[in-house]
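Numbering (this note's numbering), first residue to last: 6 to 177.
Beta carbons are placed, not taken as given, at the ideal position from N, Cα and C, and that holds for glycine.
Here the structure is a predicted model, which means the values were calculated and not measured.
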DNA sequence: GCCAACGTTGGC
DNA sequence: GCCAACGTTGGC
């Protein structure tokens, strides 16, 4: 058998077509909170400037994937609503906008480095707080809850999604 | 390719 | 505001 080098541009290690996947996406309520999503219906998930998070949007997300809308960097962090992926990834316009806080001077118009998807509201929920999530044995595996995790977009397993749904259904 | 310095994230 | 953890940058 011959070993084949892992090139930089091999297709991602997951199937192209798959059942619905689930994600946790962090947003600072001071920037875009659940009430903004309620008001707007859907938002462009701009401003992601981390390659891993970008690759999730670009390579793995599919329209219809479930999203836990998570409030971060705030007094009460936690899941504030359910949402869903509403578009494929497309170039994030703010990278080219010198006036934007997300401006990236290294981004070239022809070859954008940053993309975003659209995310649309499914429903606002009660705030499922981070501390409540941490008390759930079934959620100790959640990537977003791992020590040191800073990724703003992380995958959620079907089992974790179920647990969160049950917690939200049990107490509104 | 190593790795120190630096910047950012995000809970507390 | 603190600070641990992590990603990125850039000199070598």
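Next item on the list: Just grab the DSSP bridge partners of residue 28 for me.
Entry: Per DSSP, 72 and 160.
Three-state class that DSSP yields for residue 57 in the structure shown:
Correct three-state label for residue 57: helix.
Measuring CB to CB, does residue 129 end up less than 8 Å from residue 46?
Cβ atoms of residue 129 and residue 46: not closer than 8 Å.
ask   = Is it true that the stretch 154-167 meets the stretch 26-38, where meeting means three or more beta-carbon pairs spaced less than 8 Å apart?
value = Enough Cβ pairs lie closer than 8 Å, so yes.
Roughly how many angstroms separate the alpha carbons of residue 75 and residue 33, rounded to a whole number?
A straight line joining the alpha-carbon of residue 75 with that of residue 33 spans about 8 Å.
Do you know how far the Cα of residue 56 is from the Cα of residue 63? It is roughly 10 Å from the alpha-carbon of residue 63 to the alpha-carbon of residue 56.
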